[in-house]
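Using our numbering, read the sequence shown as starting at 1 and increasing by one per residue.
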Amino acid sequence: MKSMKKMLALLMALVLTFALVGCGGSSDDAAAPADNGATEEKTEEAPADDASADDATADDTAEAGDSEGGLIKVGYAQIGAESDWRLANTESFKQQFTEENGYELIFNDGQQKQENQIKAIRDFIAQDVDYIVLAPVVETGWDTVLQEAKDAGIPVILSDRGVDVADDSLYTTQVCGDFVLEGNNAGDWLAQELKDKGRDKEEINVCVIEGTTGASAATGRKEGFAAKADENGWKILDSQDGDFTQEGGQEVMESFLKNYDDIDVVVCANDNEAFGAIAAIEAAGKTTGPEGDIWIISFDAVKQGFQYMVDGKLNCDVECNPLYGPKIDEIIKKLENGEELEKLSHPEEGVFDYKTAADLIDSRPY
Ligand code: AHR
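#1: How long is the line joining the alpha carbons of residue 166 and residue 174, rounded to whole angstroms?
#2: Who sits around the ligand AHR, taking every residue whose Cβ is closer than 6 Å to one of its heavy atoms?
#3: Label residue 149 either buried or exposed according to how many other C-beta atoms from any shown protein chain fall within 10 Å of its C-beta, with 16 as the threshold for buried.
#4: Got a sec? Which residues, its chain only, sit under 6 Å from residue 185 by beta carbon, not counting five neighbours each side?
#5: Whether or not the segment 220 to 227 and the segment 186 to 206 are in contact is what I'm after, with contact meaning three or more pairs of Cβ atoms, one per stretch, closer than 8 Å; do they touch?
#6: Unbroken alpha helix (DSSP H) runs of length 4 or more, entirely within the segment 290 to 362: which are they?
#7: What would DSSP say about residue 73, mapped onto helix, strand or coil?
#8: Taking 6 Å as the limit between beta carbons, can you name the residues of its chain near residue 347, skipping five residues before and five after?
#9: Can you name the start and end residues of the alpha helix (DSSP H) that residue 275 belongs to?
#10: In this structure, does DSSP put residue 246 in helix, strand or coil?
#11: Can you list, in chain order, the residues of its chain whose CB lies under 8 Å from that of residue 88, leaving out five sequence neighbours each side?
#12: Answer yes or no: do residue 194 and residue 171 have a C-beta to C-beta separation smaller than 8 Å?
#13: Less than 6 Å between C-beta atoms, sequence neighbours within five positions excluded: which residues of the same chain meet that for residue 253?
#14: If you run the structure through DSSP and keep just helix, strand and coil, what is residue 154?
#15: State the DSSP-derived secondary structure class of residue 112, mapped to helix, strand or coil.
#16: Which runs of the alpha helix (DSSP H) at least 4 residues long sit entirely within the segment 85 to 135? Give them in chain order.
#17: Rank 344, 306, 137, 143 by C-alpha distance to the C-alpha of residue 354 and give the top, closest one.
#18: Start and end of the alpha helix (DSSP H) containing residue 222?
#19: By the three-class DSSP mapping on this structure, what secondary structure does residue 235 have?
#20: Rounded to whole angstroms, what's the CA-CA distance from residue 95 to residue 81? Just pull it up for me.
#21: Within the same chain, show all residues whose beta-carbon is closer than 7 Å to that of residue 286, passing over the 5 residues directly before and after it, in chain order.
#22: Here's the rule I'm using: 16 or more other beta-carbon atoms within 10 Å means buried, otherwise exposed. How should residue 260 be labelled?
#23: For the beta strand (DSSP E) that residue 373 lies in, which residues bound it at each end?
#24: Between which residues of its own chain and residue 265 is the CB-CB distance below 6 Å, once the five residues before and five after are set aside?
#25: How many Å lie between residue 337 and residue 70 at the Cα?
#26: For residue 367, count the other beta carbons within 10 Å of its own beta carbon; 16 or more makes it buried, fewer makes it exposed. Which is it?
#27: For the putative contact between residue 133 and residue 159, defined by C-beta atoms under 8 Å, what is the C-beta separation to the nearest angstrom?
Right, here's the structure in full:
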C-alpha cells in the first residue's frame, strides 16, 4: 500500500495517456496533474506495482521514493528550535523515525521562517518523499505549496499547529493541541486560585505575552484566555508578541514593567517566555510565583517549567504535549494500511500548578 497515492496518480496519468492517444489527443494534455485527493483515496485498492514504464521520469521518481531498502521516506518541516518544547518535539521525531522503525527521516529546521518551511516542502517534493509532516509556523500562506504537494501525490500531515487554507483536502490530517481549550484552562485555573486565595472580588490586572503572531498556538491560547478574562472581569492591560522565545519574553516583560506598576498576573504563551519574563521581573527587584508580587501562568509544562513551580516562581503550567513522533508514526501506518483517519485530533493535556509540581517533576517525560 506504500505510496498508494503516488501510484494512483501515476496510474491515472497512464490511463489518461492511453485514452487520449486512442482519441488522438496530445501527450501534453495527458500530462495534466492527476487527481491526488485526500485520505479517502488511500483507502482504495492499490494499483499494480508495474504501472509502468511509458512515462520514464514519473516512474523512476516513484520507484526511488518506494524502494530504498523498503524505507518510508518522511520529510519533516519543523518550525525551529525556539523553545524547550520544540527541542523535545524534534527529539521525539528523531527517536521514532529511525531506519530500525522502517523510516528515512529528512529533517528540516525552518528557523521560525515560513519561507524556509515552504522551501523545505519543495525540496521534499523534489526528493519524492512518501509523506510530508509540517509544523506550520503561522496559519496562512500555505495554499500554493500544499497544492504542489497534492499534485505530486504526497500526503501532508499537519503536526502541532494548524493552517488556514481554502481547501482542507490540501492536507490529510492534523494532530495538534487544542489551543483555545488550553487558554480556557489557564483562565479557569486563575479563577479558582483567586477564589481559593479570597481575591476573586479584587480588580485583577493581567499582561499577556503572546506567542508568534499568526501561529495557531498563539491565537488559540490568547483567545481562550481572553474569553475567561471577559467572563471574570479581569482587565487585560497589554498583550504583546514574545515569539515563543526566552529573549522575546524577557524583552516584552521589560517593556510592560516600564509601562505598568500594577500588574497582578502575567500570562506567557510558553514556558520559555515565562523564564524570560521572570528574569525581567527579578531584575526589576520584584518577585513572582504564589508568594510573589506577580503571578505567572504559562503553557507547555516542560521539566524546567516544573522546576520553576517547585522553586516557587511559576504558579501554573498548562500542558502542551510535544511528543508527536509516536502519534505521527501511528498515522502513517494507518495510511499505509488504507485506514480512514479523523481530519483533526488532539492529544490529552493536563493543567499543573505549584501545589503538585514537586510530586510530579521526576515523572515528567520532557
Ligand atoms: O506550537 C506549540 C508551541 O510552540 C509551544 O507552546 C512552544 O513552546 C513552541 O514554540
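The beta carbon of each residue, even a glycine, is placed where N, CA and C say it ideally should be.
Taking the coordinates as given:
#1: 15 Å
#2: 82, 83, 85, 86, 160, 161, 217, 244, 270, 299, 300, 320
#3: buried
#4: 318, 351
#5: yes
#6: 303 to 310, 325 to 336, 357 to 360
#7: strand
#8: 321
#9: 271 to 283
#10: helix
#11: 302, 322, 323, 366
#12: no
#13: 277, 280
#14: coil
#15: coil
#16: 114 to 126
#17: 306
#18: 216 to 232
#19: strand
#20: 17 Å
#21: 293, 294
#22: exposed
#23: Residue 373 falls outside the range modelled here, since the chain spans only 1 to 366, and no answer is possible.
#24: 206, 295
#25: 15 Å
#26: There is simply no residue 367 to check, as the chain begins at 1 and stops at 366 in what is shown.
#27: 5 Å
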